[in-house]
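Worksheet: the structure to be examined is printed underneath.
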Amino acid sequence: IICTQPRRISAVGVAQRVADERCEALGQAVGFAVRGQSTIGPDTCLQFCTTGVLLRMLLSDPTLASVSCIIVDEVHERSVDSDFLLIILRELIPQRPDLRVILMSATLDSDQFKLYFGTPVALAIPGFTYPVTQVYPEDLFRADTLATKWKGGALQKATGGSPPFPSAYKGSRDRQLSEKDQERIRPYTKTGLPQSAALALCQLDGDNGRGQVDYGWIAQLVLFIDQYSQNRQEAILIFLSGVREISTCIDALERENPKGSAWDIFPLHANLSSAEQGRVFRAPTAGRRKVVVATNVAETSITIDDIVYVIDSGRLKETQYDSETGLTRLVETWAARAACQQRQGRAGRVQPGICFKLFTHHSQEHTMAAHQQPELLRTSLEQLSLQIKALGRPDVGAFLQKALNPPPMGAIDRALALLTEMSLLDSVTGVLTTLGQHVSALPVDIRLAKMLIFATLFRCTEPGLTVAALLALGSPFRGIPMDKRDDVINLRRQVVAGSTTPSDLLADAHFVQQWEQLQSKEGRKSGGSARQYARENYLSYPVLLEIRQFKRSLLDGLKTIGFVPAGVTRIADDPGLNGQADKETLVQAVILAGLYPNVVHVRLPDKKYEQSVSDRVFLHPSSVLFHCNRIPSQFVVYFSKSVTTKIFLRDATVVGIYALLFFGGAIEVDHARKIVRVGPWIQLRAWPRIGVLVNYLRKLMDRLLQAKIQDPQLDI
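For the sequence shown, the positions run 1 to 716 when full-length UniProt numbering is used.
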């Protein structure tokens with residue numbers, strides 16, 4: 001039996017809960033498998049895993065012959081992996097009539113899924129939850145409504161007081177209203193609210209539903225709950241949209257925290273390591289109240305046993321992908337009503353609870369969608385397209401038209417064009433190249449997989465593994481206090497000081513590798529010097545451990561596809577795998593090989609970064625290149641770009657012209673204009689004979705690399 005979960009924390013947490021209730025350890029009848037971690041034993045018959053893990057199983061076992069039942073939990077979230085899995089399962093059911101498929105969700109649109117699978121079977125299992133009192137902002141201005149909701153509640157027993165008003169109310173009481181104001185507040189005043197209250201609620205929701213989160217109000221609500229709820233074992237869960245918002249909220253809470261001793265405050269989001277996420281399940285310090293500040297990772301599947309109060313901002317962040325420009329925007333938006341229902345339910349798992357909503361009932365009914373837009377419609381599709389090809393489905397477009405909500409063909413065409421440009425698909429037939437087959441077999445982003453393969457070819461495997469793990473898991477600098485962030489920036493700059501080709505990735509890799517050397521010297525002691533190094537350099541120890549574990553997982557993947565010998569356990573000292581690791585320019589060329597075509601051109605003297613003739617982009621302020629007075633090369637390669645106030649590049653590395661010529665796009669020599677073109681838009685001035693020579697050398701190298709990729713055992 002396999003049960004998929006949308007997130008690692010859910011897969012691990014539910015597996016642990018089920019094993020505990022069976023009075024047995026993980027790895028016996030019950031286990032879990034997530035990226036880089038597994039407790040599956042020989043007797044395991046119930047496996048919890050992320051959806052991506054099951055999709056990788058399908059590559060080696062397309063009919064899932066060893067599986068009798070698949071449970072897809074939280075199917076309402078409609079992630080890319082989930083919708084992809086549903087297509088496969090719908091095709092698999094006629095071939096495997098004995099296979100049982102169960103789709104589960106507390107907020108499922110069952111009619112849509114019944115129609116999709118052509119089945120009339122839908123079971124409604126009520127499941128016991130305690131009642132949760134919902135408190136909307138407008139309730140605060142209606143004494144009779146508030147008294148009714150409060151009656152018999154835990155807070156009413158402790159006090160006759162009422163929760164604080166939103167901060168906007170203070171400035172709205174004496175304000176003279178214009179005709180525009182009158183129009184804006186009409187939906188609120190027609191319910192009987194006074195104008196001042198209606199204006200405050202209108203500002204809370206914002207124009208066009210783009211309200212701002214009132215962090216001061218959140219802190220006041222927590223203080224109110226803490227002062228008037230007698231039982232400090234009753235924890236508080238706050239839902240916000242992202243990591244930065246969590247940090248801002250924690251700062252506001254700490255300003256309100258009486259003498260800094262009343263609350264144990266824990267962040268919870270996907271960027272934390274498993275160990276850091278697990279802290280939210282612990283009991284608070286005696287005499288203190290637990291406050292968890294979370295993104296939507298806490299919405300489903302996990303139960304924090306002592307949560308009684310929920311404060312819901314009604315917001316989330318989601319990616320929106322523009323298939324025309326290739327830009328990904330991370331935008332804050334309203335959560336769906338179904339998501340808010342899930343959040344509210346977190347307060348009623350173990351006893352009656354209260355949910356304070358920071359959005360009005362009007363916004364809930366008129367602005368929020370019933371369900372979130374499927375991720376398949378708002379994300380880039382190259383990773384998914386390669387997976388589809390690897391499963392033996394030649395027509396990606398036709399395959400994805402079978403989805404619950406098919407993506408636009410423009411997004412599919414762009415994805416296939418990028419895969420072809422990366423040499424993962426044949427430009428004529430569209431089938432997987434040998435390189436594409438190897439890349440699809442590694443459990444990591446396609447760019448990182450390609451980079452890893454080139455790292456082994458050029459004998460710089462160890463830095464390749466470190467960089468890939470950093471890009472997959474994120475920076476090891478986590479939870480840095482605001483007053484220490486400049487120290488971290490300076491530490492990273494010192495590492496690249498004097499480098500002819502500075503790199504964010506190699507700067508961070510330096511700290512990881514220094515820590516690993518200390519860990520290796522200490523062996524099993526796991527003693528003081530490695531921990532002290534992490535502490536002195538603001539590195540998250542749990543994240544470092546996770547990076548080390550993930551590198552091992554990637555190494556296993558390279559062994560599976562034949563690029564690393566099966567018996568190798570330590571590669572740092574192996575000259576056949578790591579003999580060129582100290583050649584910084586070569587390592588950066590390998591990074592370019594994986595990340596191309598993510599290249600920008602630096603225009604001097606203004607230091608503008610351009611990704612094409614007309615598009616300007618900017619380095620993110622966190623980059624070690626951001627404050628460089630001089631960029632030693634015209635070209636910078638990057639891992640990702642996103643739009644907030646500007647188009648920002650992240651994880652940037654300066655690369656030289658020769659790296660671009662040998663590891664970039666196809667070379668074309670324009671003899672008449674004395675120009676060498678690399679790919680569709682990069683132009684370099686050169687004498688024609690130089691261009692012809694470079695093109696010839698490039699073809700020789702490509703031929704040699706192709707032979708090695710065809711036969712990883714070939715000695716070149």
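The beta-carbon is built from N, C-alpha and C at its ideal position, and this holds for glycine as well.
What residue from the options has the CA that sits closest to residue i's CA?
i    : options                   : result
E318 : Q230, A335 and H366       : A335
Q513 : A469, T133 and V488       : A469
S105 : Q233, Q341 and N578       : Q341
F359 : D305, A200 and G464       : A200
I93  : G118, C23 and L108        : G118
D140 : P374, P164, E668 and I412 : Looking at the sequence shown, residue 140 is not Asp but Leu. Taking only the C-alpha atoms, the option nearest L140 is P164.
Q47  : A15, M57 and E77          : A15
V590 : V678, T4, D556 and A449   : A449
I682 : V643, N598 and R485       : N598
T500 : L704, I250, N629 and I489 : N629
A252 : R282, I218, A262 and W515 : I218
A472 : F239, V444, G562 and R492 : V444
T433 : K402, R414 and K389       : K389
M701 : P374, F454, P137 and P394 : F454
T466 : A398, L544 and A33        : L544
V243 : M57, V121, R478 and R677  : R478
E332 : P352, Q372 and Q710       : Q372
Can the beta-carbon of residue i be found closer than 8 Å to that of residue j?
i           : j    : result
Q387        : L86  : no
L661        : R698 : yes
G392        : V132 : no
A686        : K674 : yes
residue 719 : K708 : A query on residue 719 cannot be resolved here, the shown segment of the chain reaching from 1 to 716 and no further.
Q95         : T44  : no
V617        : I647 : yes
E91         : S274 : no
R22         : A29  : yes
D264        : R288 : yes
K357        : V222 : no
A593        : F639 : no
V396        : L424 : no
F626        : L384 : no
A581        : C460 : yes
V488        : Y538 : yes
T4          : V72  : yes
Residues in the same chain with beta-carbon distance under 7 Å from residue i, minus the five sequence neighbours each way, listed in chain order, please.
i    : result
L518 : S529, A530 and Y533
S475 : D508
T107 : H76, A338, Q341 and Q342
P632 : T500, T501 and V654
P166 : P137, A200, L204, D214 and W217
How many angstroms separate the CA atom of residue i from the CA atom of residue j?
i    : j    : result
Q364 : P407 : 27 Å
F550 : R35  : 8 Å
G656 : Q634 : 8 Å
Y215 : P126 : 35 Å
L419 : T303 : 41 Å
R603 : D615 : 12 Å
I588 : V439 : The sequence shown places Gln at residue 588, rather than the Ile named in the question. If I take the Cα positions, the gap works out to 19 Å.
A338 : T367 : 13 Å
T644 : Q320 : 12 Å
D573 : G579 : 8 Å
V431 : E421 : 13 Å
A369 : L435 : 42 Å
R329 : R689 : 44 Å
I250 : T295 : 13 Å
G498 : T585 : 14 Å
N231 : V350 : 14 Å
Ignore the nearest five residues each way along the sequence and tell me which others in residue i's own chain have a CB closer than 6 Å to its CB.
i           : result
D504        : S623, V624, D651 and A652
L452        : G464 and A468
V67         : I2
Q220        : P164
R346        : L237, I307 and V310
residue 741 : Any question about residue 741 goes unanswered here, given that the chain covers just 1 to 716.
V613        : Reliability fails at V613, whose pLDDT of 46 lies under 50, so the model's placement of it is uncertain and no value is given.
I561        : H438 and A441
Short of 8 Å in beta carbon distance, which residues of its chain neighbour residue i, apart from the five on each side in sequence? Order them along the chain.
i   : result
R7  : T50, A270, V297 and S301
V18 : V30, L46 and F48
Using 7 Å as the cut-off, classify the Cβ of residue i as near or not near the heavy atoms of the ligand GTP, replying yes or no.
i   : result
V72 : The ligand GTP is not part of this structure, which contains no ligands at all.
Ordered list of alpha helix (DSSP H) runs contained in the region 560-600, each at least 4 residues = Look at the region 560-600 and you find these whole runs of alpha helix (DSSP H), each 4 residues long or longer: 575-578 and 584-595.
Taking only runs that begin and end inside the region 415-461, name each unbroken alpha helix (DSSP H) of 4 or more residues, in chain order.
-> Correct list: 434-440 and 446-457.
What runs of the beta strand (DSSP E), each 3 residues or longer, lie entirely inside the region 636-677?
-> Complete beta strand (DSSP E) runs here, min 3: 647-655 and 667-670.
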